[in-house]
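Residues in the sequence shown are numbered from 43 upward in steps of one, following my numbering. Virtual Cβ for every residue (Gly too), placed ideally from N, Cα, C. Given the structure is predicted, the values throughout are model-derived calculations rather than measurements. Here is the structure we will look at, set down as C-alpha cells.
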Amino acid sequence: MTLQTFPGDLAQSFSIIHRAFQRDTQPIYKTLKLNVTNAYILLLLEQQGEHSQNELAKRLVINKGQITREIKRLTELGYVSQTQSLDNKTTNVIRITAAGSQVVPKIVDIRNQWWQQRLDRSHIDVNAPFAEALDKVMRELIQRSKSV
43 MTLQTFPGDL AQSFSIIHRA FQRDTQPIYK TLKLNVTNAY ILLLLEQQGE HSQNELAKRL
103 VINKGQITRE IKRLTELGYV SQTQSLDNKT TNVIRITAAG SQVVPKIVDI RNQWWQQRLD
163 RSHIDVNAPF AEALDKVMRE LIQRSKSV
C-alpha cells in the first residue's frame, strides 16, 4: 500500500502551509491589533458582503464561541458592526465598516507578501500547476522549520 494519496497529500500540504502562514504573519497582524482569524473575517466580509455570525463560523470553520470573541474584538476596533436581523431576531448580521475596509488592503498586502516569499524561495512561477506549486511550498516550509 502506498503512503502517498493525492487528496490526503493535498490536505496535509494545506495544513502545513496554513500553520506556517499563521506563525509567520501573526506578529505582523499584531501591529494592526489583529490576529489571523480577524483578518480572515474582514477579508470575507469585504469580498462577499454581510454575513450572520453563524455563516461566518461555518465558512471559516471555527466554533461559535471563537466567532463571538472575534466579532467582539473587531467591533471594539470599529472594523465591523453587528445588528439584529430583521428576518430572525436571534441572528446577528455582521457588516464591515469603513474603518474595516480601510485596513483590508494592509491585510491583502501581508498575505500577498507572504505568498510571494514562498514562491520566490521555492522558485515557483505563478503559472505553475497548482498541486506542484503546493508541494514545493510545503517542502520549503518543512525544510525551513528543520533549520530553525
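Nearest residue (CA-CA) to residue i, options the options
{"i": "Y121", "options": "I58, Q108, L87", "result": "L87"}
{"i": "Q68", "options": "G107, I152, T125", "result": "I152"}
{"i": "Q64", "options": "P49, W157, P147", "result": "W157"}
{"i": "L183", "options": "D66, P49, D51", "result": "D66"}
{"i": "S127", "options": "I149, R101, G142, S94", "result": "S94"}
{"i": "A140", "options": "V150, D129, S123, N154", "result": "S123"}
{"i": "A175", "options": "Q155, D162, T110, A99", "result": "D162"}
{"i": "A150", "options": "R101, A173, Q89", "result": "With the sequence shown as reference, residue 150 is identified as Val, and Ala is not the correct amino acid for it. It is Q89."}
{"i": "R160", "options": "D51, P49, H60", "result": "H60"}
Presumed contact (8 Å Cβ cut-off) between residue i and residue j, rounded CB distance
{"i": "R137", "j": "E92", "result": "5 Å"}
{"i": "L84", "j": "V145", "result": "7 Å"}
{"i": "K148", "j": "L74", "result": "6 Å"}
Beta-bridge pairing of residue i - partner residues as DSSP gives them
{"i": "I136", "result": "H93, Q124"}
- Answer yes if the segment 68-82 comes into contact with the segment 160-179, meaning at least three C-beta pairs across the two stretches below 8 Å, and no otherwise. no
- Task: Taking 8 Å as the threshold, find out whether the segment 52-63 comes into contact with the segment 171-180 through three or more Cβ pairs.
- Result: yes
- Unbroken stretches of the alpha helix (DSSP H), 4 residues or longer, contained in the segment 45-87: 48-73
- Tell me, please, whether the segment 101-109 touches the segment 117-132 by the rule of three or more beta-carbon pairs shorter than 8 Å. no
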